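*Asks:* In order, the protein sequences belong to chains A and B.
Taking the working numbering, I'd label the letters of the first sequence as residues 19 to 316.
Taking the working numbering, I'd label the letters of the second sequence as residues 5 to 146.
Pasting in a structure now, in structure tokens, and then I'll have a few things to ask.
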Amino acid sequence: MNDVSVHFAGVSKRYPHFSLEEIHFELPTGSIMGFIGANGAGKSTTIRILMGLVHQDTGTVEVLGHPMPADQAAAKMDIGFVSEDMRLYGAAPLAWHMEFLRGIYPRWDQSYAENLARRFDLKPEQKIKGLSHGQRVKAALLLALARRPRLLVLDEPTTGLDPVARVEVLGELMAALADEERTILFSSHNTLDVENISDQITFIDRGRIIDSDNKEAFLDRWRRLRLLLPPDVVVPRLPGVVEVGGSGRLPVITTNCFDPVMVSVCNDLGATVEAVDTMTLEEIFVANVHSRRERLTA
Amino acid sequence: MYTQYIHMHSGIVISQSDSRPMYLQIMEQVKQRVAVGEWGPGDEIPSIRQLAMDLRVSVITIKRAYLELEREGVIVTQQGKGSIVAPDPDLGSRLYDEEFSKHLAKVAQLGELLGLSSEEIARRTKEASSRLSGASRTKEVV
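The following block contains the structure:
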């Protein structure tokens with residue numbers, strides 16, 4: 019078994035109006051990666067390259083030990099893929115799709131499929147065209163999960179779902195990882211979903227990976243320090259400062275490599291640390307994107 | 005194998021509006037369960053993956069909480085066997101005692117901020133304590 023299920027190294031793809039540059043990340047087996055980016059950041063293009071649907075210009079992609087796109091047929095037997103533009107056959111009921119996939123994939127798990135249908139409140143005899151958006155997403159997810167793939171790739175699985183359906187979907191994703199050998203990559207612009215269930219987090223903006231790390235490290239590294247400066251004391255120079263806001267005597271410093279030592283460093287320099295705030299993933303993402311865009315335009 | 009996780013409830017509740025990191029919330033609730041004796045010394049506790057499924061929280065977050073709980077001597081994780089509450093009969097009272105010390109330190113810190121002498125802090129603490137026992141006596145009468 020591979021320790022790494024997905025590996026991207028130096029992957030680039032150029033289009034006339036958009037390019038992916040030097041995409042590099044890896045996804046350890048048994049974990050969930052949340053792939054976060056604004057609309058048009060390059061999430062779907064990256065996922066398409068991963069699936070072998072789009073061929074990269076340069077760089078190497080390995081999925082479950084298979085080089086992509088060369089070995090995509092073999093890789094796809096073990097990948098479950100759900101995307102927004104996924105077409106199910108509208109005139110046929112869910113049960114027909116289940117039967118169809120059962121004939122193709124030897125690991126198809128019929129009792130799990132039936133179980134999921136009950137938990138997702140889907141009726142197998144109902145035709146796809148009569149389903150709501152949320153039901154369609156759940157149907158597509160059911161069809162992917164019941165194949166028992168080693169890797170699940172989900173492009174925006176929770177977009178447009180109501181809160182109840184979202185919790186159901188996220189819960190089934192977690193349950194799919196129960197045996198430690200399965201891996202999930204999902205893209206989203208809903209940072210809350212990603213923050214809760216992901217082990218690894220990758221930020222992408224304007225075709226580049228801007229940060230990729232395990233979630234706990236992410237949340238640990240980023241802090242906002244609220245300082246109180248006596249007159250004629252300057253803002254202390256700290257490592258990893260991404261943004262300095264607030265007002266003259268009450269500056270607020272955002273850093274991406276926080277260390278508790280910083281508090282005593284500030285005190286030694288004459289500044290009082292009034293508070294050290296943790297940040298949500300959303301705040302981290304936005305601060306990260308802003309600072310990078312500012313550096314590019316500066 | 006799936007339904008078993010759905011019905012396995014640890015009773016731990018994560019609050020989205022709590023600004024503390026999730027691993028700290030989990031640590032605190034495990035400690036509370038141990039302190040009140042709901043999870044006794046040597047008892048088996050949910051595995052990292054089980055708890056992750058149950059709470060719909062990433063495995064890495066639970067791992068971190070368990071690692072820190074182990075460091076503090078609250079739980080013991082055996083390789084490949086899961087985790088148990090540390091087999092220390094005094095653990096519950098030790099956790100209460102630690103909690104108490106933490107609050108005392110806070111009292112001392114705030115007292116100093118207000119410029120109270122240590123005698124004054126002691127007197128106020130004693131007052132609070134007698135108010136509390138007075139209140140519980142009243143309750144008994146009612």
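Glycine residues also receive a C-beta, built at the ideal position from the N, C-alpha and C atoms.
Note that the coordinates shown come from a computational prediction; the quantities given were computed from them, not determined experimentally.
Give the list of continuous alpha helix (DSSP H) stretches no shorter than 4 residues that lie fully inside the region 151 to 195 of chain A.
*Replies:* 151 to 163, 181 to 194
*Asks:* Alpha carbon to alpha carbon, what distance is there between Ala135/A and Ser49/A?
*Replies:* 25 Å
*Asks:* Can you find the residues in the same chain that come closer than 6 Å, C-beta to C-beta, to Ala59/A, ignoring five residues on each side of it along the sequence?
*Replies:* Ile222, Asp223
*Asks:* Where Gln90/A and Leu245/A are concerned, what is the direct C-alpha to C-alpha distance, given to the nearest angstrom?
*Replies:* 54 Å
*Asks:* Could you tell me the alpha carbon to alpha carbon distance between Ser121/B and Asp211/A, rounded to whole angstroms?
*Replies:* 50 Å
*Asks:* How many Å lie between Ala126/B and Tyr27/B at the Cα?
*Replies:* 35 Å
*Asks:* Applying a beta-carbon distance threshold of less than 9 Å, which residues of chain B neighbour Ile202/A?
*Replies:* The premise fails here: Ile202/A is roughly 11 Å from chain B at the closest Cβ pair, so nothing lies under 9 Å.
*Asks:* According to the neighbour-count rule (16 or more other Cβ atoms, all chains shown, within 10 Å of its Cβ), is Ile10/B buried or exposed?
*Replies:* Confidence is the limiting factor: at Ile10/B the pLDDT is only 36, short of 50, which leaves the residue's position unreliable, though a coordinate-based value still follows. Here Ile10/B is exposed: its Cβ has fewer than 16 other Cβ atoms, across all protein chains shown, within 10 Å.
*Asks:* Residues of chain A with CB under 9 Å from Ile16/B, in chain order?
*Replies:* By Cβ distance, chain A contributes nothing, its closest Cβ being about 14 Å from Ile16/B, past 9 Å.
*Asks:* Fully enclosed by the region 266 to 308 of chain A, which alpha helix (DSSP H) runs are 4 residues long or longer?
*Replies:* 279 to 286
*Asks:* Looking only at its chain, what residues have a beta carbon closer than 7 Å to the beta carbon of Ala316/A, apart from the 5 residues adjacent to it on each side?
*Replies:* No residues qualify anywhere along the chain.
*Asks:* Please decide whether Met12/B counts as near chain A, where near means a Cβ-Cβ distance under 7 Å.
*Replies:* Because the pLDDT at Met12/B is just 46, under 50, the model does not fix this residue reliably, and the value given afterwards should be weighed accordingly. Met12/B does not count as touching chain A.
*Asks:* Would Cys284/A be called buried (16 or more neighbouring beta carbons within 10 Å of its own) or exposed?
*Replies:* buried
*Asks:* Listing by chain order, which chain A residues have their CB less than 9 Å from the CB of Ile49/B?
*Replies:* What Ile49/B touches in chain A: nothing, since even the nearest Cβ is about 17 Å away.
*Asks:* Spatial neighbours of Gly41/B within its chain, please: C-beta separation below 8 Å, excluding the five flanking residues on both sides.
*Replies:* In the same chain as Gly41/B, and ignoring 5 residues on each side of it, the C-beta atoms closer than 8 Å to its own belong to Gly96, in chain order.
*Asks:* Can you check which of these residues, Ala56/A, Gly264/A, Lys61/A, His35/A, is closest to Phe43/A by C-alpha distance?
*Replies:* Considering only alpha carbons, the answer is Lys61/A.
*Asks:* Between which two residues does the alpha helix (DSSP H) carrying Arg244/A extend?
*Replies:* Careful: Arg244/A lies outside any alpha helix (DSSP H), inside the beta strand (DSSP E) at 241 to 246.
*Asks:* Would you report the Cα separation of Ser30/A and Val100/A, rounded to the nearest angstrom?
*Replies:* 23 Å
*Asks:* Under 7 Å between C-beta atoms, does Ile64/B make it to chain D?
*Replies:* The structure shown has no chain D; the protein chains it does contain are A and B.
*Asks:* Does DSSP classify Met86/A as helix, strand or coil?
*Replies:* strand
*Asks:* Based on the DSSP secondary-structure assignment, which residues constitute the bridge partners of Ser230/A?
*Replies:* DSSP output for Ser230/A lists Thr220/A as bridge partner(s).
*Asks:* Within its chain, find whatever has a CB closer than 8 Å to the CB of His115/A; leave out the 5 residues flanking it on each side and keep chain order.
*Replies:* Cβ neighbours of His115/A within its own chain (closer than 8 Å, five residues either side excluded): Leu106, Tyr107, Ile146, Ala157, Leu161.
*Asks:* Which residues in chain B sit within 9 Å of Leu170/A, going by Cβ to Cβ distance?
*Replies:* Residues of chain B with a Cβ closer than 9 Å to the Cβ of Leu170/A do not exist; the shortest Cβ-Cβ separation is about 15 Å.
*Asks:* How would you label Asn214/A, buried or exposed, when you count the other beta carbons within 10 angstroms and need 16 or more for buried?
*Replies:* Label assigned to Asn214/A: buried.
*Asks:* Check whether the Cβ of Pro25/B lies closer than 7 Å to any Cβ atom in chain A.
*Replies:* yes
*Asks:* Along chain B, which residues have their Cβ under 9 Å away from the Cβ of Leu159/A?
*Replies:* The premise fails here: Leu159/A is roughly 14 Å from chain B at the closest Cβ pair, so nothing lies under 9 Å.
*Asks:* Whole angstroms are fine: how far does the CA of Thr296/A sit from the CA of Asn306/A?
*Replies:* 15 Å
*Asks:* Mapping the DSSP letters down to three states, classify Ser14/B as helix, strand or coil.
*Replies:* coil
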